[in-house]
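Heads up, the thing below is written out as structure tokens.
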Amino acid sequence: MDDVTYAATPRGEGLRHRIWKYRHAYVFLLPALLLLSTIKYYPFFTAFVESLFDWNGINLNKFIGFGNYREMLQDEKIGVAFANVFKISLATIVINLTLPLLVAALVFRIKNVRLQNFLKIGFIVPLVVPMMVLILLWRWMYAGDFGLINQILTNVGLAEWKHSWLGDPATALWAIVFVGFPWVAGLPFLLYLAGLQNISEDLYEVAQLDGAGPVRRFLSIELPLISSQIKLVLMYSLIQAFQVFEAPYALTNGGPGITTYTPSLHIYDQAFNYGRFGYASSIGVAMFIVLMILTLAVQKLMKNTDKID
Amino acid sequence: MKQRSIGVNLAALLIFALSMYPFLIMLASSFKYQMQIYNYPWFFSKPLHFGNYAVAFKQIAGPILNSVWVTSIGVVATLFASSTAAYAFARHSFPFKNFFYAVILMLLMIPGFVILVPQFINIKNMGMYNTLIGQALPPAASYTAMGVLLMRTFFEGLSKSLFEAAEMEGARDYRIFSRIVLPLSKPILATVAIMSGLQIWNNFVWSLVVTTGDKVKPVILAIMTIMGNVNEGDGVKLAGYIIASLPLLILFFVATKPFVSGLTQGAVKG
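Sequence order for the protein chains is A and B. Heads up: the first sequence is residues 6 to 314, going by the numbering used here. Heads up: the second sequence is residues 16 to 285, going by the numbering used here.
This is the structure in structure tokens:
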């Protein structure tokens, strides 16, 4: 009813009137808007602006146009960093789309309710453990002659495989990806499981009447019905893996040489070790643009497969 | 049929054991001196050196307290900012509502590393470098977008007649919000509190750049430098890692339900 009344009055006045009428609503919005605009959006725009500046965060702030971007094209570390993060993202996506899904389907099939609940909680608990603790634990397991992984190899008679996993350029990057093996306990598992639990019982009954076996059941009921979870895991894995920082920082610090460098590590280094805030901002912007393109591409791709279905 | 279900159970248990083994080793080794770790790394071995925990705790007690403060400040900020905004969105259709909502949700699409550098300068210029609040506010702001989204949905699900009755009695927004909406929304408040708390407690990168020295060092940074003496060795480090994980583990087992629903919803809506 209100809307009709206001439509009769001149537009500008009506708007002002309505804004005044809802002034309390704006007061309620204020804390969130203030927090987000000062702490997030203002820096976000600064990032774009300062990517065009030679900036050290203190007294130097000189406009240099696309100088930073030109430098990036010649920066050997940029090439290595983006190549690494593409590899890591691809591996993470493949891992997260397979193992946790299979195990979630497995746990979902368990008939013993107590065992099922135990495993559900069991696979979720590690989510609460700080990522850094997991990384440091693996760093300890990778370490030297007495590291657990090398000891296992010795004990099963593969002593010649013993290795300085994080120190060898050939294995360092994959050692970083390997952290958390067998990669089941985590958010993807929880999401898949939640998706499976939402599937209606009726569908299974129909499938059983049709004589569908467990594999058929998985492929033609479960997989299509949790496609939204699969999409979600895909996007989540991409965005997380693309910004990977903690693992390379704590395990290799980008080394040996620059073989495990990532864009995030580069941003951190340039800003906080070299004081090159402008250049670091431009790497951030580049990262944002690449990630944006990838996300949109994935979304578009997923939409197309939907239509085929 | 019977055999197949045994196979399923065994396979699931096997993968579970494999997933948990590193954590078990961490627990077992945290009670050992260095020589015990060398000689028998696979499981618990006697004697159990509980002293490792005391040594580790002494090194990270201060940082734990800092983390408790940072997390508390951050959770309070998240809850306050998201519940008030969510109330405005759920209760009123004011001009530019959709615009403001889009502005808030857009934050979910900005990767943290893109703004890391300017955010650092910004916080520094506001005089919050190396402070508790400077560590707390940025991750709190990050989670506020998700908080608004989850709470708006929840508030919109509350019974309309309650609000109407309150309005009839002449209650204003501030009273309706604090006397009716908040008390009825404990489940979603718990979920948002737990999820933002988890992220703030575990936040590594931001604390790494915005703190220096020991003054406000959080536990997530302090665990990187825990040291045992020659005898104690790595056992002390591992004990420290476990201590740093304990607060959230305890919270998880006390409040499994809001935890799990927070994790699922947060990701689904995001």
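Beta carbons: idealized from backbone N, C-alpha and C, even for Gly. From a predicted model like this one, the values you see are computed outputs, not experimental measurements.
Helix or strand or just coil, what does DSSP make of residue i?
{"i": "residue 125(A)", "result": "helix"}
{"i": "residue 246(B)", "result": "coil"}
{"i": "residue 10(A)", "result": "Low local confidence applies: a pLDDT of 46 at residue 10(A) is under 50, so the model's placement there is unreliable, with the coordinate-based value given in what follows. It is helical."}
{"i": "residue 167(A)", "result": "coil"}
{"i": "residue 60(A)", "result": "strand"}
{"i": "residue 218(B)", "result": "coil"}
{"i": "residue 54(B)", "result": "helix"}
{"i": "residue 59(B)", "result": "coil"}
{"i": "residue 252(B)", "result": "helix"}
{"i": "residue 201(B)", "result": "helix"}
{"i": "residue 314(A)", "result": "A caution first: residue 314(A) carries a pLDDT of 44, below 50, which makes its placement in the model unreliable, though a value can still be read off. Coil at residue 314(A), not helix or strand."}
{"i": "residue 116(A)", "result": "coil"}
{"i": "residue 187(A)", "result": "coil"}
{"i": "residue 187(B)", "result": "coil"}
{"i": "residue 134(A)", "result": "coil"}
{"i": "residue 95(A)", "result": "helix"}
{"i": "residue 47(A)", "result": "helix"}
{"i": "residue 31(A)", "result": "helix"}
{"i": "residue 233(B)", "result": "coil"}
{"i": "residue 263(A)", "result": "coil"}
{"i": "residue 110(B)", "result": "coil"}
{"i": "residue 115(B)", "result": "helix"}
{"i": "residue 258(A)", "result": "coil"}
{"i": "residue 36(B)", "result": "helix"}
{"i": "residue 143(B)", "result": "coil"}
Which chain A residues sit within Cβ distance under 8 Å of residue i?
{"i": "residue 159(B)", "result": "37, 40, 41"}
{"i": "residue 270(B)", "result": "Per Cβ cutoff of 8 Å: no residues; residue 270(B) is ~11 Å from chain A at best."}
{"i": "residue 97(B)", "result": "37"}
{"i": "residue 279(B)", "result": "195, 196, 199"}
{"i": "residue 115(B)", "result": "34, 38"}
At 9 Å on the CB atoms, spell out the chain B contacts of residue i, in chain order.
{"i": "residue 189(A)", "result": "30, 31, 33, 34"}
{"i": "residue 159(A)", "result": "Under the 9 Å cutoff, chain B gives no residues; its nearest Cβ is about 11 Å from residue 159(A)."}
Starting from the Cα of residue i, find the closest Cα among the options and give me that residue.
{"i": "residue 107(B)", "options": "226(B), 171(B), 134(B), 208(B)", "result": "171(B)"}
{"i": "residue 238(A)", "options": "152(A), 99(A), 176(A)", "result": "99(A)"}
{"i": "residue 249(A)", "options": "67(A), 57(A), 22(A), 90(A)", "result": "90(A)"}
{"i": "residue 205(A)", "options": "227(A), 272(A), 217(A), 184(A)", "result": "227(A)"}
{"i": "residue 147(A)", "options": "125(A), 177(A), 216(A)", "result": "177(A)"}
{"i": "residue 23(A)", "options": "30(B), 273(B), 110(B)", "result": "110(B)"}
{"i": "residue 202(A)", "options": "234(A), 260(A), 219(A)", "result": "234(A)"}
{"i": "residue 279(A)", "options": "183(A), 175(A), 61(A)", "result": "61(A)"}
{"i": "residue 155(B)", "options": "132(B), 133(B), 169(B), 221(B)", "result": "221(B)"}
{"i": "residue 147(B)", "options": "44(B), 117(B), 215(B)", "result": "215(B)"}
{"i": "residue 91(B)", "options": "204(B), 251(B), 258(B)", "result": "204(B)"}
What residues from chain B crowd round residue i, counting only those whose CB sits closer than 8 Å?
{"i": "residue 69(A)", "result": "Going along chain B, no residue has its Cβ under 8 Å from residue 69(A), so there is no contact; the nearest lies around 16 Å."}
Could you name the residues of chain A that residue i contacts, counting a contact when the two beta carbons are closer than 7 Å?
{"i": "residue 107(B)", "result": "27, 30"}
{"i": "residue 127(B)", "result": "248"}
{"i": "residue 23(B)", "result": "111, 114, 115"}
{"i": "residue 133(B)", "result": "48, 51, 52, 55, 286"}
Give me the chain B residues within the contact set of residue i, using Cβ-Cβ distance strictly less than 7 Å, ordered along the chain.
{"i": "residue 47(A)", "result": "137"}
{"i": "residue 179(A)", "result": "Ordered by position in chain B, no residue passes the 7 Å Cβ test against residue 179(A), which lies about 17 Å from the chain."}
Classify residue i: buried if its beta carbon has 16 or more other beta carbons within 10 angstroms, exposed otherwise.
{"i": "residue 265(B)", "result": "exposed"}
{"i": "residue 269(A)", "result": "buried"}
{"i": "residue 316(A)", "result": "Past the boundaries of the shown model lies residue 316(A); chain A is included only from 6 to 314, so the question cannot be answered."}
{"i": "residue 206(B)", "result": "buried"}
{"i": "residue 24(B)", "result": "buried"}
{"i": "residue 171(A)", "result": "buried"}
{"i": "residue 219(A)", "result": "exposed"}
{"i": "residue 267(B)", "result": "buried"}
{"i": "residue 284(B)", "result": "Reliability fails at residue 284(B), whose pLDDT of 47 lies under 50, so the model's placement of it is uncertain and the value that follows must be treated cautiously. Burial call: exposed."}
{"i": "residue 232(B)", "result": "buried"}
{"i": "residue 150(A)", "result": "exposed"}
{"i": "residue 138(B)", "result": "buried"}
Is any non-hydrogen atom of the ligand FMN found closer than 7 Å to the C-beta of residue i, if you look at the structure I gave you?
{"i": "residue 301(A)", "result": "Among the components of this structure there are no ligands whatsoever, and the ligand FMN is therefore not found."}
Interface residues of chain A around residue i at Cβ under 9 Å?
{"i": "residue 46(B)", "result": "Neighbours of residue 46(B) on chain A: none; closest Cβ ~15 Å, over 9 Å."}
{"i": "residue 242(B)", "result": "Under the 9 Å cutoff, chain A gives no residues; its nearest Cβ is about 13 Å from residue 242(B)."}
Could you give the residue range of the beta strand (DSSP E) that holds residue i?
{"i": "residue 66(A)", "result": "66 to 68"}
Start and end of the alpha helix (DSSP H) containing residue i?
{"i": "residue 73(B)", "result": "66 to 106"}
{"i": "residue 248(A)", "result": "Segment: none, residue 248(A) is in no alpha helix (DSSP H) and carries neither H nor E."}
{"i": "residue 151(B)", "result": "147 to 171"}
{"i": "residue 278(A)", "result": "That residue, residue 278(A), is in no alpha helix (DSSP H); it is neither H nor E in DSSP."}
{"i": "residue 200(A)", "result": "192 to 202"}
{"i": "residue 140(B)", "result": "127 to 140"}
{"i": "residue 174(A)", "result": "Counting along the chain, residue 174(A) falls outside any alpha helix (DSSP H), and DSSP gives it neither H nor E."}
{"i": "residue 154(A)", "result": "153 to 160"}
{"i": "residue 76(A)", "result": "72 to 79"}
{"i": "residue 227(A)", "result": "Run containing residue 227(A): none; DSSP gives neither H nor E here."}
{"i": "residue 207(A)", "result": "206 to 214"}
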